[in-house]
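Numbering (my numbering), first residue to last: 34 to 468.
Written as structure tokens, this is what we have:
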């Protein structure tokens with residue numbers, strides 16, 4: 034009896050050990066290296082081959098995983114799906130699509146397979162194929178908002194914005210506390226040039242989730258587009274209070290304070306933005322504008338110059354136009370003239386710059402000739418462009434025509450002088466023209 038009890042006690046630990054070291058138990062315990070050690074080199078059954086392939090997958094050894102799956106039941110949906118995953122990871126897109134398609138042919142009701150295949154098609158920009166799969170998945174599970182979101186993304190890629198809006202509106206009603214859905218829906222409304230509907234979406238989202246800074250930041254950007262600058266300031270302020278102290282949020286707050294005619298407080302926010310990210314041209318640009326509005330023209334010039342170095346060609350002309358104005362207010366006329374010439378090189382025929390150059394000639398040169406010719410050029414271009422009745426252009430036109438008359442009356446009784454002679458500066462000295 035003692036011998037029998039001793040035998041049982043000896044066998045029990047072995048049995049427990051043997052049970053704990055099966056490939057299945059080790060896979061369940063996420064001991065994938067252990068699974069490989071047990072099965073590698075053996076002649077596996079289809080079941081063990083699948084298990085070995087999955088263990089290789091978990092260890093990112095996808096070539097070996099595919100070799101193992103080839104020994105499994107390659108008609109089984111789970112094997113085909115696993116093969117598709119490894120083909121994807123190896124960049125073998127056509128093989129991945131083929132494996133997903135064969136699996137879906139066997140299990141056409143599988144929404145998960147349809148979604149996985151649609152994702153691969155989308156990544157390969159095969160958006161029509163993705164759309165068909167996602168349309169079917171949406172019909173199969175109309176109550177699932179995440180499927181509608183993916184369907185909407187495919188529709189956006191196909192430039193079907195109205196269809197995407199329909200899907201996202203339904204998805205948002207199904208998941209009113211979602212953050213990602215209203216962000217995407219508002220973006221689609223903006224792409225459809227409908228900022229008022231985008232604002233409505235954000236207001237609805239914030240009524241359900243008022244403590245998300247991303248929603249407040251997007252709300253601020255939309256309000257800025259709608260020129261509701263005071264409300265935009267409040268929205269960006271809420272985002273900051275909720276913990277979003279990124280450069281973009283500070284920049285949005287600063288820009289809207291400036292646009293809301295509060296340049297001094299705009300500087301604080303814009304400087305915080307610049308401290309967080311000194312590579313953004315727009316931050317430097319609005320720092321320049323805010324300083325300029327506060328008559329700090331030297332600082333304005335510095336920031337606008339910095340913005341110019343950070344910008345591309347298109348916004349560069351805008352920056353240089355403000356830079357020329359800042360230089361003019363510092364009585365640095367020669368620099369301002371050169372800057373305006375750069376603007377016209379970057380943006381030929383820009384009316385505001387053509388006019389500004391006339392003002393510079395008017396104020397700088399003793400001879401009225403260059404100013405008269407420049408004002409006349411401005412008037413001719415304004416009429417030819419068909420915008421002479423626009424309010425801002427009309428103001429410049431009136432000023433230019435009045436100055437042309439005044440300058441002609443003045444020069445009628447004067448001896449003509451050299452067009453290159455500049456006027457005396459405030460110190461009473463005369464600078465040489467370097468043009």
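We put the CB at the ideal spot given by N, CA and C, even for glycine. Nothing here was measured: the structure is a model prediction, and the numbers come from that model.
Could you check the C-alpha separation between residue i and residue j for me, to the nearest Å?
i, j, result
"residue 353", "residue 192", "36 Å"
"residue 255", "residue 323", "22 Å"
"residue 469", "residue 81", "Residue 469 is absent from the structure shown; the chain starts at 34 and stops at 468."
"residue 197", "residue 159", "17 Å"
"residue 356", "residue 216", "36 Å"
"residue 61", "residue 122", "23 Å"
"residue 232", "residue 277", "20 Å"
"residue 95", "residue 221", "38 Å"
"residue 366", "residue 360", "7 Å"
"residue 272", "residue 223", "21 Å"
"residue 425", "residue 432", "11 Å"
"residue 84", "residue 128", "21 Å"
"residue 423", "residue 153", "51 Å"
"residue 106", "residue 112", "7 Å"
"residue 301", "residue 383", "32 Å"
"residue 309", "residue 279", "7 Å"
"residue 151", "residue 124", "16 Å"
"residue 90", "residue 351", "54 Å"
"residue 145", "residue 93", "22 Å"
"residue 98", "residue 185", "34 Å"
"residue 446", "residue 440", "Residue confidence is low: residue 446 scores 49 on pLDDT, short of 50, so the model does not pin down where it sits. Its coordinate-derived value is still stated next. So the alpha carbons of these two residues sit roughly 11 Å apart."
"residue 437", "residue 396", "13 Å"
For residue i, which of helix, strand or coil comes out of DSSP?
i, result
"residue 398", "strand"
"residue 160", "helix"
"residue 275", "coil"
"residue 337", "helix"
"residue 208", "coil"
"residue 225", "coil"
"residue 372", "helix"
"residue 430", "helix"
"residue 358", "helix"
"residue 425", "helix"
"residue 381", "coil"
"residue 153", "helix"
"residue 261", "coil"
"residue 191", "coil"
"residue 443", "helix"
"residue 342", "helix"
"residue 230", "helix"
"residue 351", "helix"
"residue 142", "coil"
"residue 435", "helix"
"residue 266", "helix"
"residue 243", "coil"
"residue 420", "coil"
"residue 107", "coil"
Does the Cβ-Cβ distance between residue i and residue j come in under 7 Å?
i, j, result
"residue 262", "residue 289", "yes"
"residue 178", "residue 208", "yes"
"residue 253", "residue 281", "no"
"residue 116", "residue 132", "yes"
"residue 283", "residue 305", "yes"
"residue 167", "residue 183", "yes"
"residue 319", "residue 291", "yes"
"residue 391", "residue 411", "yes"
"residue 181", "residue 204", "yes"
"residue 349", "residue 379", "yes"
"residue 228", "residue 248", "no"
"residue 303", "residue 316", "yes"
"residue 274", "residue 293", "no"
"residue 110", "residue 140", "yes"
"residue 25", "residue 235", "Residue 25 falls outside the range modelled here, since the chain spans only 34 to 468, and no answer is possible."
"residue 321", "residue 333", "yes"
"residue 394", "residue 381", "no"
Tell me the residue span of the alpha helix (DSSP H) that contains residue i.
i, result
"residue 325", "314-326"
"residue 97", "95-102"
"residue 250", "246-258"
"residue 174", "From DSSP, residue 174 is part of no alpha helix (DSSP H); its letter is neither H nor E."
"residue 86", "79-91"
"residue 289", "280-292"
"residue 296", "296-309"
"residue 73", "Careful: residue 73 lies outside any alpha helix (DSSP H) and carries neither H nor E."
"residue 127", "126-139"
"residue 115", "110-122"
"residue 58", "56-61"
**Message:** Contact between the stretch 412-426 and the stretch 374-389 is defined here as three or more beta-carbon pairs at a separation below 8 Å; is this criterion met?
**Reply:** yes
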